[in-house]
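>
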Amino acid sequence: MMRAAAFLSCVACAGACAPGEELPPIVWSGEHLDFAPVVGGDELCAGTLPYMDRYLGLAGDAFDLSVGRTVYVLDPEGEVNPCDAYACVLGGTIYTRRTPHEHELIHAARTRSGYRFFEEGAAQAFGDDDEVNAGRNFADGPLRQGIESCADESLKDPWYPRAGHFFSYLHRYHGPDVTSALFQNAPVGVSADEAIAVLESATAMSFDELVADYEDTERFCDLSRWYRYPLFPCDAPEALRPRCDGEVAIPIEISLGCDAATAIGPRDDKVFGYVAIDIPAEGYYRIEGVPSYAGHRGSVEFKECALGCASQSFARSYRELDAEIWLRAGRYSLRFTRKVDATALSTMSITIAGDDCR
102 MMRAAAFLSC VACAGACAPG EELPPIVWSG EHLDFAPVVG GDELCAGTLP
152 YMDRYLGLAG DAFDLSVGRT VYVLDPEGEV NPCDAYACVL GGTIYTRRTP
202 HEHELIHAAR TRSGYRFFEE GAAQAFGDDD EVNAGRNFAD GPLRQGIESC
252 ADESLKDPWY PRAGHFFSYL HRYHGPDVTS ALFQNAPVGV SADEAIAVLE
302 SATAMSFDEL VADYEDTERF CDLSRWYRYP LFPCDAPEAL RPRCDGEVAI
352 PIEISLGCDA ATAIGPRDDK VFGYVAIDIP AEGYYRIEGV PSYAGHRGSV
402 EFKECALGCA SQSFARSYRE LDAEIWLRAG RYSLRFTRKV DATALSTMSI
452 TIAGDDCR
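Read in the numbering used here, the sequence shown has 129 at position 28, and its numbers run on one by one without any break.
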């Protein structure tokens, strides 16, 4: 597999690739997604394909777009990938070596490519849910430099965090009408000056005013898992779980056995799954996990259902879940993860007690 440090620099060629070979046969179809794996790929857990199909639908809702059909070609060795990249979207087809690949699902849901800085920003802010490139160096130059850097070519890897973080700021504080205007009016191929002019028109602010507000409003962090919005489970009503039964905190349980509908992966030797919870009021909550001798091979990650680095995000080893943690009011994504070979963690369960239930 390609080194993590080289991954994001070639995530998406977004329509710049040449046609490839004939596609592998489709073996599964959902509402939006057709799955066409190359023979010899890893066997997927039962929830993986429905999760990706649902992700496309949720992305369409988030961006107010009609989502067409996407063919997802899982090609671990790059045998039929027509792009000079780890992954790309070409027309209505995703070519990738990993699954799930939320970044490419966001590109596919948006149906065509916008100006690179904004388009990759959208895929970062609403897609990436892993840390394949956590150790990279990120660009810390002026924002204009990042926007200008991809006028005639793909966005370079160091600018991905800034693009995602800036898009998260725009979507959260200026609204989806602004980010939609960027998508509609700043397509791939326009100049950097034209892209900035669209940005100024959409926000009714000069670029200098906008940058000043951005830097004053939203502190920067370089990992997408900190600033991203987890479309699933945050926007999926079926993922919401109760915390309380009256005044009693009840287990929030998920099955990560690979045959379970809630199990996603394996990816990077991990199986994972999501649920959502609502926290009624800010305060301290006691979080406890069911004891397990294999707990060090699993974890639970909390992510507030909000964009930006100010949104709450933290992770704990499964065996270390016995602590009081301060939480803001609102909805949270809970990601449960286990190592592929940690079969003792095929079921994971926690309780979250607070003033509303003990």
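All residues carry an ideal CB built from backbone N, CA and C; glycine is no exception.
Work out the CA separation of residue 418 and residue 283 for me, nearest whole Å.
Reading the sequence shown from its first residue, position 182 is the one you call residue 283. Reading the sequence shown from its first residue, position 317 is the one you call residue 418. Each residue's alpha carbon lies about 40 Å from the other.
> Would a C-beta distance cut-off of 8 Å place residue 296 and residue 248 closer than the cut-off?
Locating residue 296 in the sequence shown gives position 195, counting from the first residue. Locating residue 248 in the sequence shown gives position 147, counting from the first residue. Their beta carbons are under 8 Å apart, which means residue 296 touches residue 248 by this criterion.
> For a test of the three-state rule: what should DSSP assign to residue 111, helix, strand or coil?
For this step, residue 111 is matched to residue 10 along the sequence shown. Because residue 111 carries a pLDDT of 40, less than 50, the predicted location of this residue cannot be relied on, and the following value inherits that uncertainty. Of the three classes helix, strand and coil, the one that applies to residue 111 here is helix, per DSSP.
> Contact between the stretch 345–356 and the stretch 414–428: three or more CB pairs below 8 Å?
no
> According to DSSP, is residue 262 part of a helix, a strand, or is it coil?
Indexing the sequence shown from 1 puts residue 262 at position 161. Three-state result, residue 262: helix.
> Any idea if residue 83 is buried or exposed, counting beta-carbon neighbours within 10 angstroms, 16 or more meaning buried?
Any property of residue 83 remains undetermined from this structure, which presents the chain solely from 102 to 459.
> Quick one: what does DSSP say residue 398 is sitting in, helix, strand or coil?
By one-based count along the sequence shown, residue 398 stands at place 297. Three-state DSSP puts residue 398 in a helix.
> So, with DSSP's three-state summary, where would you put residue 102?
Along the sequence shown, one-based indexing puts residue 102 at 1. Low local confidence applies: a pLDDT of 25 at residue 102 is under 50, so the model's placement there is unreliable, and no value is given.
> Output needed for residue 301: all residues of its chain with C-beta closer than 8 Å, excluding positions within five of it in sequence on either side, in chain order.
If you number the sequence shown from 1, residue 301 lands on position 200. Correct list, in chain order: 307, 308, 311.
> Mapping DSSP to helix, strand and coil, what is residue 209?
To locate residue 209, count along the sequence shown from 1; it is residue 108. In the structure shown, residue 209 sits in a helix (DSSP, three-state: H, G or I).
> So, at 7 Å on beta carbons, what are the nonlocal neighbours of residue 271 in its own chain, with the 5 sequence-adjacent residues on each side left out?
Locating residue 271 in the sequence shown gives position 170, counting from the first residue. Around residue 271: 279, 280.
> Looking only at C-alpha atoms, which of 451, 447, 133 sits nearest to residue 387?
Start at 1 with the first residue of the sequence shown, and residue 387 comes out as number 286. Answer by Cα proximity: 451.
> Go ahead and pull the three-state DSSP assignment for residue 435.
Residue numbering aside, residue 435 sits at position 334 when the sequence shown is read from its first letter. Three-state result, residue 435: strand.
> State the CB to CB distance for the pair residue 289 and residue 217, rounded to an integer number of angstroms; the pair is presumed to be in contact (CB under 8 Å).
Here residue 289 refers to the residue found at position 188 when the sequence shown is read from its first residue. Here residue 217 refers to the residue found at position 116 when the sequence shown is read from its first residue. Sure, about 6 Å apart at Cβ, within 8 Å.
> Which of the three DSSP states is assigned to residue 331 in this structure?
Stepping through the sequence shown from its first residue, residue 331 is reached at position 230. Residue state, collapsed to three classes: coil.
> Kindly say whether residue 415, judged by its beta-carbon, lies nearer than 8 Å to any beta-carbon of chain D.
Checking the listed chains, one finds no chain D in this structure; it contains a single protein chain.
> If you follow the alpha helix (DSSP H) that residue 283 is in, where does it begin and where does it stop?
Counting from 1 along the sequence shown, the entry for residue 283 is found at position 182. Counting along the chain, the alpha helix (DSSP H) containing residue 283 begins and ends at 277–286.
> To the nearest angstrom, report how far apart residue 440 and residue 175 are at their CA atoms.
The residue labelled residue 440 in the question sits at position 339 within the sequence shown. The residue labelled residue 175 in the question sits at position 74 within the sequence shown. So the alpha carbons of these two residues sit roughly 22 Å apart.
> Buried or exposed: which applies to residue 126, given that a residue is buried once 16 or more other Cβ atoms fall within 10 Å of its Cβ?
Position 25 of the sequence shown, counted from the first residue, corresponds to residue 126. By the neighbour-count rule (16 or more Cβ atoms within 10 Å), residue 126 is not buried but exposed.
> For residue 91, write down the residues that DSSP places opposite it in a beta bridge.
Any answer about residue 91 is impossible in this case: the structure gives the chain only from 102 up to 459.
> Does the Cβ of residue 402 have 16 or more other Cβ atoms within 10 Å, making it buried, or fewer, making it exposed?
The count along the sequence shown starts at 1 and reaches residue 402 at position 301. So residue 402 ends up on the buried side.
> Report all residues from its chain with a CB closer than 8 Å to the CB of residue 158; omit the five preceding and five following residues, and keep chain order.
Locating residue 158 in the sequence shown gives position 57, where the first residue counts as 1. Excluding sequence neighbours, residue 158 sits near 132, 133, 168.
> Hey, could you find the ends of the alpha helix (DSSP H) residue 255 is sitting in?
As a working mapping, residue 255 is identified with position 154 in the sequence shown. Run containing residue 255: none; DSSP gives neither H nor E here.
> Is it a yes or a no for the stretch 139–156 touching the stretch 366–377, going by three-plus beta-carbon pairs under 8 Å?
A contact exists between the stretch 139–156 and the stretch 366–377.
> What's the C-alpha gap between residue 267 and residue 315?
Within the sequence shown, numbered from 1, the residue matching residue 267 stands at position 166. Within the sequence shown, numbered from 1, the residue matching residue 315 stands at position 214. Rounded to the nearest whole angstrom, the CA to CA distance from residue 267 to residue 315 is 8 Å.
> Report yes if the CB atom of residue 345 is closer than 8 Å to the CB atom of residue 457, and no otherwise.
Numbered from its first residue, the sequence shown carries residue 345 at position 244. Numbered from its first residue, the sequence shown carries residue 457 at position 356. Cβ distance < 8 Å, so residue 345 and residue 457 count as in contact.
> Between which two residues does the beta strand (DSSP E) containing residue 175 stretch?
What you label residue 175 is simply residue 74 of the sequence shown in a count that begins at 1. 171–175 is the span of the beta strand (DSSP E), which, as asked, contains residue 175.
> Are residue 355 and residue 449 closer than 8 Å when you measure CB to CB?
Within the sequence shown, residue 355 is the residue found at index 254, counting from 1. Within the sequence shown, residue 449 is the residue found at index 348, counting from 1. Yes, the Cβ-Cβ distance between residue 355 and residue 449 is below 8 Å.
> What separation, rounded to the nearest whole angstrom, lies between the Cα atoms of residue 199 and residue 139?
The residue you call residue 199 lines up with position 98 of the sequence shown. The residue you call residue 139 lines up with position 38 of the sequence shown. Roughly 12 Å separates the two Cα atoms.
> Put residue 306 into one of helix, strand or coil per three-state DSSP.
Sequence index remark: in the sequence shown, residue 306 carries index 205 (1-based). If DSSP states are grouped into helix, strand and coil, residue 306 belongs with coil.
> By the 10 Å Cβ neighbour count, where 16 or more other Cβ atoms means buried, how is residue 215 classified, buried or exposed?
Taking the sequence shown and counting its residues from 1, one reaches residue 215 at position 114. The residue is buried, with at least 16 neighbouring Cβ atoms inside 10 Å.
> When you compare only the Cα positions, how much space is there between residue 332 and residue 146?
Residue numbering aside, residue 332 sits at position 231 when the sequence shown is read from its first letter. Residue numbering aside, residue 146 sits at position 45 when the sequence shown is read from its first letter. If I take the Cα positions, the gap works out to 20 Å.
> For residue 287 and residue 318, I'd like the C-alpha separation in whole angstroms.
By one-based count along the sequence shown, residue 287 stands at place 186. By one-based count along the sequence shown, residue 318 stands at place 217. Between residue 287 and residue 318, the C-alpha separation is close to 24 Å.
> Going by DSSP, name the residue or residues bridged to residue 244.
As a working note, residue 244 is residue 143 in the sequence shown. Note: residue 244 sits in no beta bridge, so no partner.
> Of the residues 187, 202, 201, 206, which one's Cα is nearest the Cα of residue 193?
Within the sequence shown, the letter at position 92 stands for residue 193. Of the listed residues, the one whose Cα sits closest to residue 193 is 206.
> When burial is assigned at 16 or more other CB atoms within 10 Å of the CB, is residue 229 buried or exposed?
Along the sequence shown, read from residue 1 onward, the residue named residue 229 stands at position 128. Flag for residue 229 reads buried.
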